[in-house]
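Below is one structure, written out as structure tokens; comments come after it.
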Amino acid sequence: MREGRILFMDQQKGILLESGTNELEIVEFGIGNNKFGINVIKVKEIINPVPVTKVPHSHHYIEGIIELRGEILPVVDVAKALNFPPSDNPAGDKFIVAEFNKQKIVFHVHAVTQIHRISWKQIEKPSQMYQGLESQIIGVVKLNGQMILLLDFEKMIVDINPESGINVNQVKKLGKRERSNKKLVVAEDSPLLRKLLHDTLAEAGYENIEFFENGEDALRYLQSIVETGRSIESDVQLVITDIEMPQMDGHHLTKRIREDDRLNKLPIIIFSSLITDDLRHKGEMVGATAQVSKPEIGELVKKIDENIL
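Structure (structure tokens):
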């Protein structure tokens, strides 16, 4: 990948990032000898390192702050977050400027090599042998005889600032409610977020929830209901989906539900860190009923209340 500043914003309008194709592009980067990946959708630009101002008593993952075109942005040392040694060649390091969860963050990595276009089908869920609730890995891609690990950047940020995660207090402010007769289907690949969603939605009165690790399993479940001849709304009253999931992403799941006459009455709320002003049109294109940015659980509950069958 060429040196200097590389912009990604214009690609959001391009065909490579068309909605609902179940494909994505990943930026491959290196930490030590390991290959990692980040979804291009999260990447605003890639720059050469600039001087970092240290911040006293900050989290040990935080290298400091930089000023980029008038904005003050935190710099996360990804090697430190992964418990890897520092770079052998600091002159070749790169800063990945990313945006998700409605915030901009700079990730300091050791190298940026190339961009791959792949299908979510190519991404394997990490095995339970090495992926527990605390794992930093959300998927594994085998390409050209090598493994690229997709990192859970959202979790990395919550580790640094727990207040940036899902907060049950947002739901408690809504008061006592009774919604337990309503059935929700939730597609979310993160074990930690599935648990948080279970707890917070139960607090909101939604106790009847069927969770799935990816869009493919959720779609199969919905199809199994209507294949018995039952109407979907008698069993499920609303679908919540993440966007980034192995096997089938949330945009493709939404598109498939909307294309199926037996399922298309279902309200679908996309709940993702990728809901930004630049990207909201992607969910609209595939027919999402509503879109809520993580971690705004209070807003999610309001949208459920407004749209549930």
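So the sequence shown is numbered by this note's numbering: it starts at 424 and just counts up by one.
Note that CB positions come from ideal geometry on N, CA and C, so glycine has one too.
Quick caveat: nothing in here was measured; it's all calculated off a predicted structure.
- Per DSSP, reduced to three states, the secondary structure at Ile-666 is coil, with no helix or strand assignment.
- DSSP, read as helix, strand or coil, puts Gln-537 in strand.
- Annotation: the continuous beta strand (DSSP E) that includes Met-570 extends over 569 to 574.
- Between Ile-698 and Asn-730, the C-beta spacing is not below 8 Å.
- With a threshold of 16 other beta carbon atoms within 10 Å, Thr-536 falls short and is exposed.
- For Asn-506, the secondary structure class from DSSP, reduced to helix, strand or coil, is coil.
- Per DSSP, Ile-720 is one residue of the alpha helix (DSSP H) stretching across 720 to 730.
- Assignment of alpha helix (DSSP H) within the stretch 604 to 663, counting only whole runs of 4 or more residues, yields 614 to 626, 638 to 649 and 655 to 658 in chain order.
- DSSP places Lys-705 in the uninterrupted alpha helix (DSSP H) bounded by 703 to 709.
- Between Leu-572 and Asn-457, the CB-CB gap stays under 8 Å.
- In this structure, the straight-line span from the alpha carbon of Glu-667 to that of Val-499 is close to 22 Å.
- A residue is called buried when at least 16 other Cβ atoms come within 10 angstroms of its Cβ; Ile-663 meets this threshold and is buried.
- Of the residues Asn-567, Arg-540, Gln-646 and Ile-454, the one whose Cα lies closest to the Cα of Asp-511 is Ile-454.
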